[in-house]
Amino acid sequence: MALRIDIIDRREQNKGASIPNRRRFIKKFKKQIKKALDKKLLKRSVTDITSGETVWISADDMSEPKFSYSPDGDYEIVLPGNKKYSKGDKIPKPKKRKGKKNKASNRGEGEDSFVFEISKDEFFDICFGDLSLPNMTKKDTQDSLTFKTKRAGHCSFGSEANLNIERSLKKSMLRRSALKAPKLKKLQELEDLLERLKQEDKMQEAKKIEEEIAELKRRISKIPFIDVFDLRYNRKERYPIPESKALMICIMDVSGSMGEDKKTTAKKFFILLYWFLKKNYKNVKILYILHHTLAKEAEEEEFFYSRETGGTVVSNALVLARDIIKQRYANQNWNIYIAQVSDGDNWSDDNPKTYQVLKSGLMPFLQYYFYLQIQDDESEDTNLWQTYKSLAEDLENFKMQKTTPEKDILEPFRSFFSAKKSKGGQDR
Amino acid sequence: MKLPNPHEWTLKLIQEYDDQIQKTADEFSLDRYPYQIEIISSEQMISAYASVGMPVNYYHWSFGKKVAQLQKKYKKGEMGLAYEIVINSNPCIAYLMEDNTMMMQALVLAHAAQGHNSFFKNNYLFKTWTQADGIIDYLLFAKKYISECEEKYSEEKVEKLLDACHALMNLGVDKYKRPQKISLQKEKQRQKKRQEIIQQQINELWEKTIPKKSKKQEAEKEDVFPKEPQENILYFMEKHAPLLEPWEREIVRIVRKIAQYFYPQRQTQVMNEGWATFWHYTIINKMYEKGLLYDSFMIEFLQSHTNVIFQPPFESPIFSGINPYALGFAMFCDIKRICQNPTKEDKAWFPDIAGSNWQETLDFAMRNFKDESFILQFLSPKLIRDFKFISLKNEQDRNYLEVSAIHNEQGYKHIRKVLANQYDLSFYDPDIQIQQANIKTDRSLILRYKNRTNKPLDKKSAKKVLSHISYLWRFTTILEEEKPDGTVEPLYMAEEEIN
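Line order of the protein sequences matches chains L and D. Number 123 in the working numbering belongs to position 123 of the first sequence; there are no gaps in the numbering. Positions in the second sequence are counted from 1; adding 1000 to them yields the working numbering.
Here it is in structure tokens:
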């Protein structure tokens, strides 16, 4: 007779049992994964913030070694499916690993590379997880998105989950004794009276009293053990947690001297900035300013796809930024940042004004200023670079970097926002 | 009454199928552990598959790596019959994956809950080496213990230690001694005691072994430690590595115990899969004969079964070794054939079993062999012809492989011998033992590779493993090679600085 076997449905249990292993795996190979992802990062389209990635890393890096034989040693092996060979035949040795490797990598993945999927959260976490906006010190509760609850006494209404049993029973006891006490007193009196009447043998009056006692007892028993107005609930109060909110103003030079390659690099920089901010901060607002001789505020779409061109007057962009801040963001505890990308080629008469606006009009309101200059020859110091440099020397919250269109944009990007390398300035 | 065969399974249907499968298996008097069936998702299946097929295990990055690998494979549909996991425990646990069709669930039930289950219970290697009663509890203990160590001593330290232990997993078994039984209760007590005593003992060992001046010469004579070369390197580390902390010794021990649990599986792949495949095939066919199954079920079943036992020839681009399901299944079927309808050839080759009761003979074979001896004993000329086996010989300085035998009269015995040897663990695992620990001098450790058949070690992996060993030993570690002619040469040296 067959035993009836229990079938246990475990599908809902142990979900994500391998997450800790996954975390350890990614942590161990973070360097390699990051390297692989950097390439992908630069190829992504601006709006693609929802998909994961496929990652290739060298299988050699993550081998789990065991003692084994070299494949060249002497051996004898049995194989199935011989169709044409007879004893004594000589079969040329299969080509060595090298050939195998090439063949494999043609198909995109071979024994020498390890391929796996990274989710979108892991992707951005690996790329931007260790970056942050420096000097983000202003906090405010006004637009706060996160709340905490704290206990705030008791109240007479609420959800059953918050019922405070101890308090409710205390209330019930109070009410019952308050209602009973006079009745019990009366009862005592009547019982005494009854006793006396019985002793005096006044049976008729005694019977009346007895009825009265019975009625009183009935009333006492009718007092409910617990009543709705006994119930007490724990009161909880929601209060907002002070949060910091950030405003990032992106200023991009689209003048004629910014060639196509420089513009592409600049846009890549801002895309990275956009992703980084969107992923790492909840309360963040990004504004865009395009400028050549004139400056204007742009929408996201326009900023990343604009095809304008012209001469260069940097101060106009800075003035616009200053006005935006003054008019819209001055009094609200915003942590304000500016990131500017230019080729450093400014109309030379404009430099003094640029210096002035920046120094007295903008910097007092800013947490940090990031300036990235893209030029063909890195050793050259342009007039704008020199202007900024003279300013930066006195300021702790001014960072400037040079790069070329050929160079990896991630390097200056990371050095702007990695907490370690910032030259002090935080939490002043 | 036929069992319905919808595409989608239900719990009730699985139960009905299982009742019939059990009944049919009982008609063949298959002896098995009681078992339970658990339904899991593909994600859970992959996760269990990655942690060496166990439902619980300690955390390690390599399991995360395997999950990533398997997910990729699973999505591409390259997983074969990996839709089944069965745990060698008492009661035996058979996992069914939710994505399987009803037919697949029935196939897996017959394959795992009957086939593998009875193999686990009765094969001598499993009986000797694994303790089905204790394994799940022990893994729970291991997981908890290692998690605590991670908290106390940092994830990095534990990881490095586990990496080192994993590299030595194949060298963590006493091949000739019967292991002691694991019991969770005892293990906990023992672990406590060990922790208290062990460091003390180690210190004592060092104190005693520092030679006193007057006895110096005398000491040098009996200086060789260990007295005999030690094959169980993990055990040696656990007991004798000078600077390991008690918790580190415990983790070495955990990895060693788990390695030991899996030791039989590596040696019985062909038999175990062959046995399970033979029984799912036999049971399902019997059920069909009894009129329990629809033709549509059988067609789907035969298709899956054929895929499972598919063996591409060696020159095919999809060839990836001998399929253990194919060879094992063919051998058990062949033994049955020899029992029932022996040819003249069979009678000459297998006088003992030709014409005997097939169930008894199969049972005997399942109980008393491992892959190597099973092939040596039972591989018939007919199968060698069916598989068109060929044996190839490689010598280092030649640029060709020589065909040493093919499937003909002159070749049968040779092929059988070579194939059997291929399933001996030494075919994959080089013989490396601890030769000497210079505990009285510089505390260096010498390992020796005995190269008997002119097979050099793979350099890259050998160096890496050596550095793992030196991490455990924490002093200079040397690997030397004993050549076929008996001469000994040092190969590599790894040093680990003392913390």
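C-beta atoms are modelled at their ideal positions from N, C-alpha and C, and glycine is treated no differently.
Compute the distance between the beta-carbons of residue i and residue j, then report whether it is under 8 Å.
i, j, result
"M1529(D)", "L1139(D)", "The first residue shown for chain D is 1001 and the last is 1499, placing residue 1529(D) beyond what the model contains."
"S315(L)", "K359(L)", "no"
"K66(L)", "S1461(D)", "yes"
"I1415(D)", "K87(L)", "no"
"L1109(D)", "A1132(D)", "no"
"N987(D)", "C1333(D)", "Outside the displayed span of chain D (1001 to 1499) sits residue 987(D), for which this structure offers no information."
"M400(L)", "Y371(L)", "yes"
"H1280(D)", "H1111(D)", "yes"
"Y1058(D)", "K1143(D)", "yes"
"V1224(D)", "E1238(D)", "no"
"N1123(D)", "C1092(D)", "no"
"L1447(D)", "P1430(D)", "no"
"Y239(L)", "F157(L)", "no"
"A1276(D)", "G1115(D)", "yes"
"I209(L)", "R176(L)", "no"
"I7(L)", "L1011(D)", "yes"
Can you list the residues of chain L that residue i reaches, using a CB-CB cut of under 7 Å?
i, result
"T1453(D)", "D74"
"D1458(D)", "S68, Y69, S70"
"L1419(D)", "V78"
"L1107(D)", "In chain order: nothing, as chain L lies at least about 16 Å away."
"I1322(D)", "P80"
"Y1035(D)", "I5"
What does residue i touch in chain D if you count any residue whose Cβ is under 8 Å from its own?
i, result
"R11(L)", "I1039, I1040, S1041, Q1044, E1098"
Run the CB neighbour count on residue i, radius 10 Å, all protein chains shown included, and call it buried at 16 or more, exposed below.
i, result
"T1346(D)", "Looking at the sequence itself, residue 1346(D) is Asp, so the reference to Thr does not match. D1346(D) is buried by the Cβ-count criterion."
"H1007(D)", "exposed"
"E1250(D)", "buried"
"P1484(D)", "exposed"
"L1479(D)", "buried"
"I241(L)", "exposed"
"S1380(D)", "buried"
"G1064(D)", "buried"
"V357(L)", "buried"
"Y305(L)", "exposed"
"F1314(D)", "buried"
"A161(L)", "exposed"
"K170(L)", "exposed"
"P412(L)", "buried"
"T309(L)", "exposed"
"N82(L)", "buried"
I want to verify the contact list: residues of chain L whose CB lies under 9 Å from the CB of residue i, in sequence order.
i, result
"E1372(D)", "Per Cβ cutoff of 9 Å: no residues; E1372(D) is ~13 Å from chain L at best."
"Q1311(D)", "P80, G81"
"H1407(D)", "N82"
"S1404(D)", "E76, K87, G88"
"K1157(D)", "Those do not exist, as K1157(D) stays about 13 Å from chain L at its closest Cβ, beyond 9 Å."
Roughly how far, in whole angstroms, is the beta-carbon of residue i from the beta-carbon of residue j, given that I think they are within contact range, below 8 Å?
i, j, result
"Y1400(D)", "K93(L)", "6 Å"
"I251(L)", "A321(L)", "7 Å"
"R11(L)", "E1098(D)", "6 Å"
"M166(L)", "L190(L)", "The sequence as given places Glu at residue 166(L); Met does not occur at that position. Wrong, their Cβ atoms sit about 36 Å apart, outside the cutoff."
"H1433(D)", "Q1267(D)", "Checking the displayed sequence, the identity of residue 1433(D) turns out to be Gln instead of His. 19 Å between Cβ atoms; not a contact."
"N1232(D)", "D1174(D)", "5 Å"
"L1288(D)", "N1005(D)", "At residue 1288(D) the sequence reads Tyr, which differs from the Leu that was named. Not confirmed; about 11 Å, so no contact."
"S1404(D)", "L1392(D)", "7 Å"
"T1477(D)", "L1491(D)", "About 11 Å separates the two Cβ atoms, so there is no contact after all."
"T265(L)", "I374(L)", "5 Å"
"E1273(D)", "P1324(D)", "5 Å"
"E1372(D)", "Y1423(D)", "4 Å"
"L1292(D)", "Q1020(D)", "6 Å"
Anything in chain A within Cβ reach of residue i, meaning under 9 Å, just list it in chain order.
i, result
"G1411(D)", "Looking at the structure shown, chain A is missing, and the protein chains on hand are L and D."
What residues from chain D crowd round residue i, counting only those whose CB sits closer than 9 Å?
i, result
"V254(L)", "Near V254(L) there are no residues of chain D at all, since even the closest Cβ is about 43 Å away, more than 9 Å."
"R61(L)", "This sequence places Asp at residue 61(L); Arg is not what is there. Going along chain D, no residue has its Cβ under 9 Å from D61(L), so there is no contact; the nearest lies around 11 Å."
"P352(L)", "Simply none; closest approach about 55 Å."
List, in order along the chain, the chain L residues whose C-beta lies closer than 8 Å to that of residue i?
i, result
"N1399(D)", "P92, K93"
"H1060(D)", "N21, R24"
"G1274(D)", "Here the premise fails: no neighbours, minimum Cβ distance about 15 Å."
Residues of chain D with CB under 7 Å from residue i, in chain order?
i, result
"P65(L)", "A1167, S1461, K1464, V1465"
Fully enclosed by the segment 268-313 of chain L, which beta strand (DSSP E) runs are 3 residues long or longer? 284-291, 295-298
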